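Below is one structure, written out as structure tokens, with a few remarks after it.
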Amino acid sequence: MTDRSFRTISWRRIVGEIHLWAGLLLCLPLILLGVTGTILVGADHLGGPVKDPARQTAGAAVHSVGEIIEAARAAAPDGFIASLYAAPPEPGEPASIRLQSAAGRGTPPIRMEIDGATLTPVTRPEGTALRWLHMLHANLLMGEDGRHIVGWFGLVMLTLGISGLINWWPRRNRWRAALTMRRGLRGAAFHRALHGVVGIWTLIVFLAVGFSGVALAFPQTMRDLVDVFSPARDLRALAGAIRVQPIPGSRPITVDEAITLAMTAIPDGRLASVALPLRPDQPFRIGLLPSGGLQGSPQIGVFIDPWRRDVVTVLDPRDFSAGESLLAWQHALHSARGLGGAWTTLVFLSGGLPLLFSVTGVALWWIKRAKKTAR
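In structure tokens form, the structure reads like this:
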């Protein structure tokens, strides 16, 4: 054996050990994140609010955004103010309004769904459970610290994906065997083949979900990294820094008037969201989906001065740099939105991968361990 081949074997053995022990030690939290992710994607795309077919076919009039927000304020507990409006994803579905306490950050925000035709709150029995699952998936119910822990688990997923690719990489003339499952395999051979074949065919989705999870957990770090390769402004900080000058004695425009101004500026846009000003020096932020954009894709941000009744600035994803576009799409990638049914299905199924890899990986380790013990 040459020194070069010995170094290659040693290097691959090290990668294999990293892959093995990272998977064994962290399989349970990775399974938890995968299963909760699948449930959330399924509930978002397969469940969702119950539509009223009679109202849809009758074409009942839908109230204005301002009226829907006022209905949410009236139904909310005292001291809560509306901060974000999310338009119905489809006709006949309710709008979603996020409200937060005027007292400050100590009280968690609440979300209400309002029927646009009747202005009544829509109650979903599964809503509380889904919100709990969302927080479990996003931060393990541990707030900001938990979000960072989940981000590190995302890095572990990336490590497992890349090291798994190295471990799987076949020798010459073995590609076909490495890409398919042969009939009649049993024991360690079956688990090894299933682990490798499923892993290679799902690798891109596995890495994309892991990368997007890391990007959501560490947005500033990821932006700094992307900025090295492609200029990427801190769009969140840029949007948060936009201020307007209140005019004494003047009445600010209503949310419906702000939407009209935004739609005039972007005629081909479709209303997706409205971030409401919570202070006199803040603008409206009207989120519009570009022409052809699917629900969940990056929105055009139109900032409206409520005092001077004009557009302050527009942040349009169609004008973003490559790095900014990459970052803007991470939430859609991770939540399986804005990219069509095929991507939704792939992300939904990918949540089961940590469980499959854990079962086959643990089985392989156990079989090998039993053989060594028997010698």
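Okay, so the sequence shown: first residue is 153 according to the numbering used here, each after it adds one. Just so it is clear, CB atoms sit at the ideal spot from N, CA and C, and this is done for glycine as well. Here the structure is a predicted model, which is why all the values come from computation and not from measurement.
Own chain, CB closer than 7 Å to residue i, minus 5 neighbours either side, in chain order
| i | result |
| --- | --- |
| THR465 | ILE394, PHE455 |
| GLY504 | GLY186, THR190 |
| HIS483 | LEU368 |
| HIS171 | LEU312, SER315, GLY316, ASN319 |
| VAL378 | ALA384, GLY475, LEU478, LEU479 |
| SER502 | THR354, VAL357, PHE358, VAL361 |
| LEU285 | THR188, ILE191, LEU192 |
| PHE472 | ALA480 |
| PRO398 | PRO432, ASP433, TRP459 |
| ALA515 | HIS343 |
Beta carbon of residue i nearer than 8 Å to that of residue j
| i | j | result |
| --- | --- | --- |
| LEU441 | ARG470 | no |
| PRO450 | VAL396 | no |
| ILE356 | VAL167 | no |
| LEU491 | VAL350 | no |
| ILE266 | VAL274 | yes |
| VAL366 | GLY306 | yes |
| ARG489 | ILE405 | no |
| ILE233 | ALA254 | yes |
| VAL579 | TYR237 | For residue 579 there is no data in the structure shown, the boundaries of the chain being 153 and 527. |
| SER248 | LEU428 | no |
| TRP517 | LEU176 | yes |
| LEU292 | VAL302 | yes |
Whole-angstrom distance between residue j and residue i, CA atom to CA atom
| i | j | result |
| --- | --- | --- |
| ALA340 | ILE519 | 7 Å |
| VAL499 | GLY313 | 15 Å |
| HIS347 | LEU359 | 16 Å |
| ALA417 | VAL463 | 8 Å |
| VAL447 | ALA522 | One point to set straight first is that residue 447 is Gln, not Val, in the sequence displayed. Answer to the nearest angstrom: the Cα atoms are 51 Å apart. |
| TRP327 | ARG344 | 15 Å |
| GLU409 | GLY231 | 25 Å |
| LEU288 | LEU485 | 19 Å |
| PRO241 | LEU282 | 18 Å |
| SER162 | ASP386 | 43 Å |
| THR496 | SER425 | 22 Å |
| HIS300 | ALA226 | 36 Å |
| ARG207 | THR270 | Bear in mind that the predicted position of ARG207 carries a pLDDT of just 42, short of 50, making it too unreliable to give a figure here. |
| GLU296 | LYS524 | 44 Å |
| ALA228 | THR259 | 14 Å |
| ARG335 | SER510 | 22 Å |
| ILE221 | THR280 | 21 Å |
| MET374 | ARG250 | 27 Å |
| GLY268 | SER364 | 33 Å |
| GLY298 | SER382 | 30 Å |
| HIS197 | PRO506 | 21 Å |
| SER487 | ILE411 | 27 Å |
| TRP304 | ASP376 | 17 Å |
Buried versus exposed, by CB contacts within 10 Å (16 or more), residue i
| i | result |
| --- | --- |
| GLN252 | buried |
| THR188 | buried |
| ASP433 | exposed |
| GLN372 | exposed |
| ALA531 | The structure shown does not extend to residue 531, since the chain spans only 153 to 527, so no value can be given for it. |
| PRO246 | buried |
| MET333 | exposed |
| GLY513 | buried |
| PRO435 | buried |
| VAL380 | exposed |
| ALA223 | buried |
| PRO243 | exposed |
| ALA526 | exposed |
| ARG324 | exposed |
| ARG165 | exposed |
| PRO419 | exposed |
| ALA494 | exposed |
| SER402 | exposed |
Those residues which DSSP pairs with residue i across a bridge
| i | result |
| --- | --- |
| ILE266 | ALA247, PRO273 |
| ARG437 | ALA427, PHE455 |
| ARG422 | LEU441 |
| GLN252 | ILE233 |
| ALA238 | SER248, SER425 |
Sequence-distant residues of the same chain with beta carbon closer than 8 Å to residue i, five excluded per side
| i | result |
| --- | --- |
| ALA391 | ARG437, GLY453, PHE455, LEU467 |
| VAL308 | ALA174, LEU178, LEU182 |
| PRO530 | Here the chain has residues from 153 to 527 only, and residue 530 is not among them. |
Cutoff 6 Å; reference residue i; Cβ partners in own chain excluding five residues on either side
| i | result |
| --- | --- |
| PRO322 | ALA330 |
| LEU337 | ALA345 |
| GLY195 | The residue you asked about is not Gly; residue 195 is Ala in the sequence shown. Counting only Cβ-Cβ distances below 6 Å, and skipping sequence neighbours, we find LEU282. |
| LEU413 | ILE456 |
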